[in-house]
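Trainee: Order-wise, the sequence lines are chains A and B. Sequence positions in the first sequence follow my numbering and run 1 to 133. Sequence positions in the second sequence follow my numbering and run 1001 to 1133.
Number of protein chains: 2
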Amino acid sequence: MKVTTKTKYALLSLSEFDSVDKVISIRQLSEKYSISRKYLERIFCDLESCGIVEGKRGPKGGYRLSKPPSDITLKEIIKSLEKEVKVIDCEEIRLQCPFNDKCKMIPFWKNLNKIIENYLGSITLEQILKEEV
Amino acid sequence: MKVTTKTKYALLSLSEFDSVDKVISIRQLSEKYSISRKYLERIFCDLESCGIVEGKRGPKGGYRLSKPPSDITLKEIIKSLEKEVKVIDCEEIRLQCPFNDKCKMIPFWKNLNKIIENYLGSITLEQILKEEV
DNA sequence: CATAATTCCTACCTTTATAGTAGGTATTAT
DNA sequence: ATAATACCTACTATAAAGGTAGGAATTATG
C-alpha cells in the first residue's frame, strides 16, 4: 500500500519545474536531491513517454514540462510510474471470490480506488507549486 | 500502491462473519475461498492479536468476531495486516528532501494519506455486510 | 570540427518484501 | 483416547522494487 520511490523522486523533481520554460538537467536534480543519476534518467524517460516532460540533448539541454503545470494532474504523473493508481484490482478479487458478483468486498474496493483516483485527478502540478494543497 | 493479499484474504474471510456469534474455522474458509490453510492461520493470528477476532480451539472451534461488526472499521482491519494505512511516510520524504519544511510535496502526501485514512475509518464491517458500501 | 554535456536506450544485478510452506504444540469437544 | 481445531516458529521461494553499467545519439560552443 505504499507508493514507490520512483514516484516520490518524480514528484520531488517535478516540483522544481515552476514554469513551462524552465529547463533542468538530470545532473542538477540528482545533485540537489542526492538521487542516483541513472535512476532519475529512467524516471524521466517514463515521464517523457507519457507526455509530461520533453528532453533536449546536448549542453544546456535538459528536461522541460511539455504542457503548463495547470494541465498536469498528479494522477497522470503517478500513472506514468506506477502501473495503476489503484489500491486493488477488482477483477482479480472477483476471480478469487467463488461468488463473483455476490462478493461483498467488491463495492468497497471500487469505492476506495475511486476516491483515490478522484483526489489525484483533482490536484494539478500548479496547485503543488503554488502550495495550494 | 497495492494492498497485499493478506489484506484481501482477511477481508474476504471477515465478510463471512455476519454476527458476533458466528464461529467459522480456518478449514471452512480456506476451502470456500481456496486459500492456503496455513497462510490463513497466520492472517487470523494477526487479526486476533489486534483484537478483531478471537479463536477457540478444539472440535467445533474456530474464530468469531471479538466485537460487533458495527464496531470494526476497515481501517482497523487493514492496519492489522499492512503495517500502516499510509500511501507514503511523510517523515521519510522529509529526510530525503534537503529543504525539509520547504518541500512542496509534503502537504500533498499528508492529504492523500488523510483522505484514505478517513475513508477507511468511516466504513465498518457492518456496512460491508449490509452492502451499504 | 573537436569536445563535452546532455538525453536516450538496453541489459543486467541486488535487495527487500510478499507469499507461502513445514512441522509441530496446546487445547478441547465428543 | 481421538480428532479437530487454534496457535507458534522457522524456513523457502518468488516477484517486484531499486539501482548499476555501459554505451549510442544529439547538440551547443569554443
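Glycine included, C-beta positions come from ideal geometry on N, C-alpha and C.
1. May I ask you to verify whether the stretch 103-117 of chain A touches the stretch 1126-1133 of chain B, counting CB pairs closer than 8 Å and requiring at least 3?
2. Would you call A/Ser19 buried or exposed, if buried means 16 or more other Cβ atoms sit within 10 Å of its Cβ?
3. If contact is defined by three or more beta carbon pairs under 8 Å, each pair taking one atom from either stretch, is the stretch 1004-1016 of chain B in contact with the stretch 1029-1047 of chain B?
4. Using the Cα positions of B/Asn1113 and A/Tyr119, report the straight-line distance between them to the nearest angstrom.
5. To the nearest angstrom, report how far apart A/Lys219 and A/Ile115 are at their CA atoms.
6. Would DSSP call B/Lys1056 helix, strand or coil?
7. Can you check which of these residues, B/Lys1104, B/Lys1006, B/Ser1070, B/Cys1045, is closest to B/Arg1057 by C-alpha distance?
8. Can you tell which of B/Leu1125, B/Ile1078, B/Gly1121, B/Leu1074 has the C-alpha that lies nearest to the C-alpha of B/Thr1005?
9. Using the rule of at least 16 other Cβ atoms within 10 Å of the residue's Cβ for burial, across every protein chain shown, is A/Ser80 buried or exposed?
10. Given A/Leu136, which residues of its chain have a CB within under 7 Å of its CB, disregarding the five upstream and five downstream residues?
11. I need the DSSP call for A/Gly61, collapsed to helix, strand or coil.
12. Since A/Asn111 meets chain B, which of its residues come closer than 8 Å, beta carbon to beta carbon?
13. Could you tell me which residues DSSP puts in a beta bridge with B/Ile1024?
14. Identify the continuous alpha helix (DSSP H) that holds B/Gly1051 and give its terminal residues.
15. Checking contacts by CB at 8 Å: is A/Pro59 closer than that to chain B?
16. Of all the CB atoms in chain A, is at least one closer than 8 Å to the CB of B/Ile1088?
17. By the DSSP assignment, the alpha helix (DSSP H) with B/Glu1084 in it spans what residues?
18. Roughly how many angstroms lie between the CA atoms of A/Ile24 and A/Ser30, to the nearest whole one?
19. Cα separation between A/Leu65 and A/Val53?
20. Bridge partners of B/Thr1124, per DSSP?
Mentor: In short, the structure shows the following:
1. Because the criterion of three Cβ pairs below 8 Å is met, the stretch 103-117 of chain A and the stretch 1126-1133 of chain B touch.
2. So A/Ser19 counts as exposed.
3. Yes, the stretch 1029-1047 of chain B touches the stretch 1004-1016 of chain B.
4. The straight-line gap from Cα to Cα measures roughly 11 Å.
5. Residue 219 of chain A cannot be examined here, being either before or after the span of chain A that is shown, 1 to 133.
6. Under the three-state reduction of DSSP, B/Lys1056 is assigned to strand.
7. Distance from the Cα of B/Arg1057 is smallest, within the candidate group B/Lys1104, B/Lys1006, B/Ser1070, B/Cys1045, for B/Cys1045.
8. Looking at the Cα atoms, B/Ile1078 is the closest of the given residues.
9. Per the 10 Å Cβ criterion, buried.
10. Any question about residue 136 of chain A goes unanswered here, given that chain A covers just 1 to 133.
11. The answer is coil: DSSP assigns A/Gly61 none of H, G, I, E or B.
12. Taking a Cβ-Cβ cut-off of 8 Å, the neighbours of A/Asn111 in chain B comprise Tyr1119, Val1133, given in sequence order.
13. Beta-bridge pairing links B/Ile1024 to B/Tyr1063.
14. No alpha helix (DSSP H) contains B/Gly1051, which DSSP labels as neither H nor E.
15. Not an interface residue.
16. At a cut-off of 8 Å between beta-carbon atoms, B/Ile1088 makes contact with chain A.
17. Where B/Glu1084 is concerned, there is no enclosing alpha helix (DSSP H), given that its DSSP letter is neither H nor E.
18. About 11 Å.
19. Our two residues, A/Leu65 and A/Val53, have alpha carbons roughly 4 Å apart in a direct line.
20. In the DSSP assignment, B/Thr1124 forms a beta bridge with B/Thr1073.
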